[in-house]
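Novice:
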Amino acid sequence: MTALTIRPLTPSLVEAMGAVLRGSWGASCWCMHPRLTDAQMRALPGDGAENQRRRAAMTALARRRRAPGLLAFEGDEPVGWIAVAPRSDFARVEASRATPRVDDTAVWVIPCVTVRKTTRGRGIALALIRAAVAYAAEHGAPAVEAYPRAGEGRTGDDNAYFGTEPLFRRAGFRVVREDLPNRPRNWTPRVTMRIKATV
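According to my numbering, the sequence shown is numbered sequentially starting from 1442.
1) Report the three-state DSSP secondary structure of Met1473 (helix, strand or coil).
2) Output yes or no for whether 8 Å exceeds the beta carbon distance between Val1525 and Ala1573.
3) Which one or two residues does DSSP pair with Trp1522 in a beta bridge?
4) Could you spell out the range, first to last residue, of the alpha helix (DSSP H) harbouring Pro1452?
5) Please classify Glu1619: does DSSP put it in a helix, a strand, or coil?
6) Please report the distance separating the alpha-carbon of Ser1537 from that of Val1543.
7) By Cβ distance, which residues of its chain are closer than 6 Å to Leu1502, with the 5 residues on each side in sequence left out?
8) Taking 8 Å as the CB-CB limit, is Phe1609 close to chain B?
9) Considering Cα atoms alone, identify which of Leu1462, Val1520 and Pro1552 is closest to Glu1535.
10) Can you tell me the Cα-Cα spacing of Trp1522 and Pro1622, whole angstroms?
11) Looking at the structure shown, is Gly1624 part of a helix, part of a strand, or coil, going by DSSP?
12) On a CA-only basis, which of Thr1629, Ser1465, Met1634 and Asn1492 is nearest Ala1587? Give me that one, please.
Shown next, in the form of structure tokens:
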């Protein structure tokens, strides 16, 4: 296996991000879904299709000094993506009844992690999570949270982009809130997990 390198997203790497997302739920999302409410999504500027406007919005985020996420490469091939940023950057996460705040800690959040189907099972997701925690720590985050699918089993459903509880546990996260009581039956069971961010 070629050595893995992980790089912050820049505008020149947006095409590589698209290659990772292609064929997944994220192909039309461009990782804007957790960042914007439905109303904000509809209000994205531009005349193109919604997918194109989401890509443009992600490209704009990639121009900032703090990247909106990290890309994993095996050689020159992009193989994985992870979003990481302060929770306040994710309007949908903030508003969702599925992910209420645990306390007033200024956590950073990992809302999604995606690995290309052809390269799964190689530890890429775990490496991305660890790199995201380190990136958050370098930018002053006191802690990092995630809201993965609850339970021990593997999953192949569309909500796997949340990550799974065992995956985040292997990265050192611990559960700080169990699945919500009285969760609507059609909601994916999720736990809130957290790790202290240290450089």
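For glycine and all other residues, C-beta sits at the position ideal for the given N, C-alpha and C.
Specialist: According to the structure shown:
1) Taken through DSSP and simplified to helix, strand or coil, Met1473 comes out as coil.
2) In this structure, Val1525 lies near Ala1573, with their beta-carbon atoms less than 8 Å apart.
3) According to DSSP, Trp1522 shares a beta bridge with Leu1512 and Thr1555.
4) Pro1452 -> no alpha helix (DSSP H), and no H or E assigned at all.
5) Glu1619 falls in the coil class under three-state DSSP.
6) Using only the alpha carbons, I get a separation of about 13 Å.
7) Apart from sequence neighbours up to five positions away, the residues of its chain that approach Leu1502 with a beta-carbon distance below 6 Å are Pro1509, ordered along the chain.
8) Absent from the structure is chain B; it holds one protein chain and no more.
9) Out of Leu1462, Val1520 and Pro1552, Pro1552 has the C-alpha closest to the C-alpha of Glu1535.
10) Rounded to the nearest whole angstrom, the CA to CA distance from Trp1522 to Pro1622 is 31 Å.
11) The sequence given here places Arg at residue 1624; Gly does not occur at that position. Reduced to three states, the DSSP call for Arg1624 is coil.
12) Nearest to Ala1587 by C-alpha distance, out of Thr1629, Ser1465, Met1634 and Asn1492, is Met1634.
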